[in-house]
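The structure appears right after this line, and notes come after that.
Protein chains in written order, with my numbering: chain R, 1 to 340; chain V, 341 to 762.
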């Protein structure tokens with residue numbers, strides 16, 4: 001026994017005593033900071049310590065943990081296609097809603113067997129208000145390089161881009177997934193994307209498009225709406241065109257077999273309360289899933305959310321089932337298309 | 341041994357006791373040697389051979405359909421795989437789905453079939469969730485089962501789903517490996533190329549080699565003069581400069597990639613400098629395309645070229661070059677005909693090392709490249725993390741492994757030597 005070990009032990013005793021701790025996994029960035037303020041710090045007052053971990057949506061990690069029965073993540077934020085798939089394949093615990101809250105308080109899309117919606121976010125087009133006075137108003141404008149010369153930022157992959165391409169080609173938001181499900185519809189989307197291909201600058205991470213816009217690398221870009229909000233809080237003047245945006249939810253799930261299931265459920269219940277969700281929406285422009293939170297927000301915050309009536313009017317809801325079925329094939333087609 | 345080699349001098353026969361104890365001592369020495377290398381052998385087996393074995397197994401393993409649908413597979417065994425299958429297959433499918441021990445098995449089945457036929461996921465899961473159906477009771481006739489499934493979802497009328505079940509009912513499959521080279525089996529089991537818009541991996545593999553080759557050539561071009569200069573310096577100065585080479589080598593790849601983003605962006609240092617010097621009017625596109633990927637990869641991999649070159653060059657006596665010049669050779673000819681051939685082992689080792697390392701690159705192209713600059717590893721990561729189709733990821737990994745081994749074999753054939761690192 002040496003002194004440093006003893007010191008470490010004493011330091012351990014001096015720390016505030018938490019009865020338990022849980023690991024909460026998020027997507028990092030501005031979103032993680034907002035979650036820390038709205039969810040983790042207030043929740044720790046209940047005596048359960050929250051250890052935040054960042055990841056990039058890799059479901060392989062959860063699958064590996066569940067398969068080897070060594071689950072070290074207790075609550076994970078996942079994207080919508082992964083909730084359904086993971087639930088089907090038995091990666092997540094089924095949620096006990098009696099311990100979370102009244103199902104009727106939530107958006108219908110937020111309530112699923114294994115996951116409950118954390119927030120509503122949207123993939124939209126954005127431009128730099130300092131460099132472009134009249135920005136694009138529709139996806140047809142976004143794809144029109146004569147009217148708006150310059151590069152466009154787009155996410156590397158098929159998801160969202162094929163929908164945007166169809167809307168640019170004149171398909172109404174309500175018909176997008178019907179058209180895309182046919183062979184001709186998919187051909188049409190890729191053909192439209194081929195027109196724009198020389199002007200596309202691809203992004204990989206959500207933090208990149210605001211950087212591109214600020215640096216002037218691109219004249220407009222597809223982007224997650226919260227990232228624009230975060231940049232504007234730092235004094236930038238980035239603008240969003242909400243028309244034809246695709247909104248979607250992120251979900252809380254509990255990996256199957258976690259030893260802290262009760263504490264994890266308590267955390268999810270806390271994060272689903274109107275107060276916590278309103279606090280979150282004040283920190284980042286993502287919409288609450290608990291509809292009672294809306295009453296606690298002022299008009300300025302509400303106007304920036306994807307759920308605001310003016311913003312959601314011509315928006316498209318991401319079709320989870322379509323992508324669960326067609327995603328793998330469309331992504332492979334995208335890889336083939338990109339190589340041409 | 342001596343008796344066998346030298347029959348003219350017959351050795352006196354050793355007493356049997358001595359020969360035995362000699363043999364025993366010899367055996368003990370061998371055992372001790374093996375025991376000493378055992379930890380290393382075990383380590384290699386556990387960290388190298390076992391994972392590769394598991395990877396190769398995953399690439400051909402196909403348990404989902406065989407586990408979940410044994411009765412259906414039996415009912416489809418005699419089906420000619422055209423039109424709709426016999427009504428017994430519908431009844432068997434209903435019984436198989438009802439007997440699944442856990443919903444996770446249905447999920448695994450749905451995922452497997454969906455990667456063969458897009459849409460199978462929703463079909464299988466919707467059917468599984470709708471159970472029990474009245475027509476699917478164990479004692480009801482097969483025709484009722486067929487009617488019940490068709491009433492639930494008309495897609496059960498389409499032969500493609502049944503073909504996918506029939507052709508995946510064995511526990512082992514070449515499907516993933518075939519898909520990794522843009523091939524597939526049709527309903528009858530004949531191998532054919534996939535549709536043009538689904539052909540991707542052939543070109544991606546070619547692109548992977550192309551990028552690796554360009555990176556290797558640039559590394560050689562930059563590292564050769566530098567290593568030559570280093571080898572002519574005194575040991576002390578060479579060591580100091582070597583530290584300069586090695587410090588970036590010890591920095592995290594992500595940090596170096598981020599640094600290149602700062603340097604190469606259109607408002608970055610490089611473009612500012614070029615515009616400031618009036619060499620350019622507008623910024624060059626150096627990022628998020630092939631140029632950015634290659635610049636960054638050359639920077640990261642340069643030490644792997646410098647180190648073997650330097651260690652070979654240090655051992656080339658400078659007197660040879662001087663002798664060639666003093667015998668009347670022009671200096672440049674002497675350099676290329678006398679000096680360069682002596683550094684071939686270093687060039688070979690460095691080039692092979694850089695090339696093989698670049699083939700597996702993932703982070704750098706993902707962050708600095710566009711959609712058509714991604715290498716094979718990017719797609720392995722995508723299948724592992726995004727699609728969670730580990731069979732496909734393992735097959736692509738096997739392809740990469742095979743390509744690397746073929747290249748190494750070619751290298752050995754060409755250079756006729758073992759890989760030497762100096």
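No residue lacks a Cβ here, since even glycine has one placed at the ideal position from N, Cα and C.
Looking at the DSSP output, residue 250 of chain R shares a beta bridge with R:79 and R:119.
When only Cα atoms are considered, residue 105 of chain R and residue 186 of chain R end up about 37 Å apart. Close CB contacts of residue 641 of chain V within its chain, under the 7 Å cut and outside five residues either way in sequence, are with 555, 559, 694, 697 and 698 (chain order). Residue 588 of chain V and residue 596 of chain V have their C-alpha atoms spaced approximately 8 Å apart. Ranking R:38, R:309, R:297 and R:30 by CA distance to the CA of residue 276 of chain R puts R:38 first. Short of 8 Å from the beta carbon of residue 660 of chain V, and not among the five residues preceding or following it, lie these beta carbons of its own chain, in chain order: 678, 679 and 682. At least 9 Å separates the beta-carbon of residue 709 of chain V from that of residue 395 of chain V.
Taking 4 residues as the minimum length, the alpha helix (DSSP H) runs contained wholly in the region 578-620 of chain V are 593-604 and 609-616, in order along the chain.
By the rule that beta-carbons nearer than 9 Å mark a contact, residue 98 of chain R does not touch chain V. The alpha carbon of residue 83 of chain R has as its nearest neighbour, out of R:99, R:65 and R:110, the alpha carbon of R:110.
By the rule that beta-carbons nearer than 9 Å mark a contact, residue 400 of chain V does not touch chain R. The criterion of a C-beta distance shorter than 9 Å is satisfied by residue 250 of chain R and residue 27 of chain R.
Distance check between residue 239 of chain R and each of R:179, R:321, R:135 and R:288 places R:135 closest, using alpha-carbon atoms only. Contact annotation: in the region 715-742 of chain V, residues whose CB is within less than 8 Å of a CB in chain R are 719, 722, 724, 725, 726, 727, 728, 729 and 730. Per DSSP, reduced to three states, the secondary structure at residue 443 of chain V is helical. Per the DSSP secondary-structure output, residue 290 of chain R pairs in a beta bridge with R:106.
Counting C-beta pairs with one atom in each stretch, the region 44-57 of chain R and the region 21-36 of chain R have three or more that are closer than 8 Å, which means they touch. Here residue 728 of chain V has no same chain residue with a Cβ atom under 6 Å from its own Cβ, once five neighbours each way along the sequence are excluded. Sorting V:527, V:715, V:609 and V:752 by C-alpha distance to the C-alpha of residue 685 of chain V places V:752 at the top. Along the region 437-449 of chain V, the positions whose C-beta sits under 9 Å from a C-beta of chain R are 442, 443, 444, 445, 446, 447 and 448, read in chain order. Per DSSP, residue 419 of chain V is not a residue of any beta strand (DSSP E), being assigned neither H nor E.
Taken through DSSP and simplified to helix, strand or coil, residue 26 of chain R comes out as strand.
For the pair residue 702 of chain V and residue 720 of chain V, the CB atoms are nearer than the 9 Å cut-off. Two segments are said to touch when three or more pairs of C-beta atoms, one from each, lie closer than 8 Å; by this definition the region 399-418 of chain V does not touch the region 216-226 of chain R. Look at residue 125 of chain R here: in three-state DSSP terms it is strand. One alpha carbon belongs to residue 579 of chain V, the other to residue 621 of chain V, and they sit about 42 Å apart.
Take residue 656 of chain V, set aside five residues on each side of it, and the residues of its chain with a beta-carbon closer than 7 Å to its own are 679, 682 and 683, in chain order. When Cβ-Cβ separations below 9 Å define contact, residue 712 of chain V makes contact with chain R. In this structure, the alpha-carbon of residue 411 of chain V lies about 16 Å from that of residue 501 of chain V. Using a Cβ distance threshold of 9 Å, residue 540 of chain V and residue 335 of chain R count as a contacting pair. Between residue 325 of chain R and residue 461 of chain V, the C-beta gap is smaller than 9 Å, which places the two residues in contact. The beta carbon of residue 138 of chain R sits closer than 6 Å to those of 243, all from its chain and outside the five residues before and after it, given in chain order. Rounded to whole angstroms, the separation of the alpha carbons of residue 527 of chain V and residue 29 of chain R is 48 Å. Counting only runs of at least 4 residues, the region 497-572 of chain V fully encloses the following alpha helix (DSSP H) elements, listed from N- to C-terminal order: 499-507, 515-520 and 541-572. For residue 549 of chain V, not one C-beta of chain R is nearer than 9 Å to its own C-beta. Going by DSSP, residue 704 of chain V is part of the alpha helix (DSSP H) stretching over 703-708.
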